[in-house]
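Residue numbers (full-length UniProt numbering): 1 to 199.
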C-alpha cells in the first residue's frame, strides 16, 4: 500500500503481523473481521482504511508477509543452493523454522486451500508466493548442474517440483501428527533423491 506516512506504515505492519498469527492459528475460514479487530486492537475504520477490500486484502497482505518470513528463515542457504553442503544447511533451516511453531496453518499452501473456493483471484496471488519459493529451488539446482555437481541429464525444474511437493507433504503430515518428524523425514528423502542425480 503506497502513500502511507511512516506512522501509518507502522500501524499497517502491526495489524498484518498480529493478524498473521491469528489466521495461521485458526485458518482463514475460522476468522471474521471482528475477530481480527479484537485480536489486533484495531477499529473498524482503521481496518478498512488500510485494507479497503476487507478480508481479501488482509489475507493477501498476510500471505506476502508470511512468505517473506518463511523465506527469510531459510537464508542464507536458499539464496545459493549451489553445493551439497548448502542443501543440507537449507534442510536444517527449514526444520528449525517449523520446529517451534504451534500454528496449525503454518504454510502458504494452507492459506491457498482455505481461500481458493471463495476467491480464485486471491488464491492465484497467494499461490504465486509458493511458486517463488519453488523457483529458488530450481535456480539452485541449475547452478548445481552448471557447476558439475548434478548429471547433465538432471532436470532442475522436475527435481525442484519433486522436492517442493515432498516438502509441502511433510508440512501437512507434520500438522496432522503435531510432530516435526514427518517434515524431517520428507526433507531427508528429498535430499536422498537429489543425491541420486549427483555427477
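Where a beta carbon is used, it is the ideal one built from N, C-alpha and C, also for glycine.
Cα-Cα separation, residue 59 to residue 85 | Residue 59 sits at position 59 when you count from the first residue of the chain shown. Residue 85 sits at position 85 when you count from the first residue of the chain shown. Between residue 59 and residue 85, the C-alpha separation is close to 36 Å.
Opposing strand residues paired with residue 150 [DSSP bridges] = Position 150 of the chain shown, counted from the first residue, corresponds to residue 150. Looking at the DSSP assignment, residue 150 forms a beta bridge with 198.
Measure the CB-CB distance between residue 15 and residue 42 and report whether it falls below 8 Å.
-> As a first step, residue 15 is located in the chain shown; it is residue number 15 there, counting from the start. As a first step, residue 42 is located in the chain shown; it is residue number 42 there, counting from the start. Going by C-beta atoms, residue 15 is nearer than 8 Å to residue 42.
Contacts around residue 99, its chain only, beta-carbon distance under 6 Å, and the 5 residues preceding and following it disregarded = In the chain shown, counting from the first residue as 1, residue 99 sits at position 99. Counting only Cβ-Cβ distances below 6 Å, and skipping sequence neighbours, we find 180.
Residue 62, enclosing alpha helix (DSSP H) - first and last residue | On the chain shown, residue 62 is found 62 positions in, with the first residue counted as 1. Looking at the DSSP string, the run of the alpha helix (DSSP H) that includes residue 62 is 55 to 73.
If you follow the alpha helix (DSSP H) that residue 167 is part of, which residue opens it and which one closes it?
-> As a first step, residue 167 must be located in the chain shown, where it is residue number 167. 156 to 177 is the extent of the alpha helix (DSSP H) around residue 167.
Selected residue, minimal CA-CA separation from residue 79, among 62, 134 and 195 = Taking the first residue of the chain shown as position 1, residue 79 is located at position 79. Here the closest residue by C-alpha is 134.
Who are the Cβ neighbours of residue 176 in its own chain at under 7 Å, not counting the five residues just before and after it?
-> For the purposes of this step, residue 176 is taken as the residue at position 176 of the chain shown. No residues qualify anywhere along the chain.
Would you tell me roughly how many angstroms separate the C-alpha atoms of residue 137 and residue 149, rounded to the nearest one?
-> On the chain shown, position 137 is the one that residue 137 refers to. On the chain shown, position 149 is the one that residue 149 refers to. So the two alpha carbons sit approximately 15 Å from each other.
Can the beta-carbon of residue 166 be found less than 8 Å from the beta-carbon of residue 190?
-> As a first step, residue 166 must be located in the chain shown, where it is residue number 166. As a first step, residue 190 must be located in the chain shown, where it is residue number 190. Yes; because the gap between Cβ atoms is below 8 Å, this pair is in contact.
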